[in-house]
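No gaps in the numbering here: position 40 of the sequence shown is 40 in UniProt numbering, and each next residue is one more.
Backbone N, C-alpha and C fix where the C-beta goes; we use that ideal spot for every residue, glycine too.
None of the values given here were measured: they were computed from a predicted structure.
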Amino acid sequence: MSADAEQETKCLDSSLSAAQQVQEAKDCLETIPKHLTSDNTFRRWTIMDYSSAYGSGAITPHMVAQRLISAIMQSSDPGMDMSFFINYEAHDILKQATESTLRYEKGGTKWLHKVRACKEDAACVERLRSCGAILVGKTNMHELGAGTSGINPHYG
């Protein structure tokens with residue numbers, strides 16, 4: 001290591017392929033902390049947390065979808081009445097999550113394979129689906145997204 005190198009940094013060999021460089025970078029990251037896989041409370045997960053957990057098999061997209069649906073239902077119960085989602089289809093979320101789980105079991109997400117065109121979706125939704133995104137539903141917000149409180153007079 002040279003004297004001017006930063007502490008706790010690793011220089012990647014430029015002769016490695018892009019995939020090998022990504023793998024070496026991922027190998028430098030910590031394993032998933034135990035608190036991220038506990039069922040106790042809500043935690044803010046990053047994309048890297050999910051990617052690592054899915055890759056290791058610690059959790060699956062289907063497990064995450066089940067917990068999400070449960071949280072959506074709980075947040076809409078009387079007493080909480082948060083109305084985060086005004087429209088969602090639990091069976092569709094689970095179907096998408098099952099497909100995502102199968103992709104991970106086969107070694108990758110959809111964007112690594114042949115892209116399927118979605119004729120009925122908007123272009124942005126089509127691109128999200130082709131990347132393996134699990135689309136949950138429509139969130140509650142002001143008409144035209146112009147308000148600051150997030151309270152919609154039609155849905156709460």
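*Rounded separation between Asn140 and Lys26 - CA only*: A straight-line Cα-Cα distance of about 36 Å links Asn140 and Lys26.
*Please determine if the stretch 126-135 and the stretch 91-102 are in contact, where contact requires at least 3 C-beta pairs separated by less than 8 Å.*
The stretch 126-135 vs the stretch 91-102: in contact.
*In terms of alpha-carbon separation, which member of Lys95, Leu68, His91 lies closest to Phe84?*
Looking at the Cα atoms, Leu68 is the closest of the given residues.
*Should Ala65 be labelled buried (16 or more other beta-carbon atoms within 10 Å of its own) or exposed?*
A residue is called buried when at least 16 other Cβ atoms come within 10 angstroms of its Cβ; Ala65 meets this threshold and is buried.
*Compare the C-beta of Ala53 with all C-beta atoms of chain D and state if any pair is closer than 8 Å.*
Absence of chain D from the displayed structure is noted, only one protein chain being present.
*From Thr60 to Leu128, what distance separates their C-alpha atoms?*
Rounded to the nearest angstrom, the two C-alpha atoms are 19 Å apart.
*Answer with buried or exposed for Val136, where buried requires no fewer than 16 other C-beta atoms within 10 angstroms of its C-beta.*
By the neighbour-count rule (16 or more Cβ atoms within 10 Å), Val136 is buried.
*Compare the C-alpha of Gln23 against each of Gln96, Ile47, Ser52, Lys95 and name the closest.*
Relative to the Cα of Gln23, the nearest Cα in the group Gln96, Ile47, Ser52, Lys95 belongs to Ser52.
*asked:* Measuring only the C-alpha atoms, how far is Tyr104 from Asp49?
replied: Their backbone Cα atoms lie some 15 Å apart in a straight line.
*At 3 residues or longer, and completely inside the stretch 60-99: list those beta strand (DSSP E) runs for me, N to C.*
You should have 85-88.
*Unbroken alpha helix (DSSP H) run spanning Lys26, endpoints*: In this chain, the alpha helix (DSSP H) harbouring Lys26 covers 18-28.
*Could you work out which residue in Leu12, Ala90, Gln21, Cys11 is closest to Ala71 when comparing CA atoms only?*
Among Leu12, Ala90, Gln21, Cys11, the Cα nearest to that of Ala71 belongs to Ala90.
_Let me check understanding here. Comparing Cα to Cα, which of Ser75, Gly107, Ala123 lies closest to Ser56?_
Gly107 is the residue among Ser75, Gly107, Ala123 whose C-alpha sits nearest the C-alpha of Ser56.
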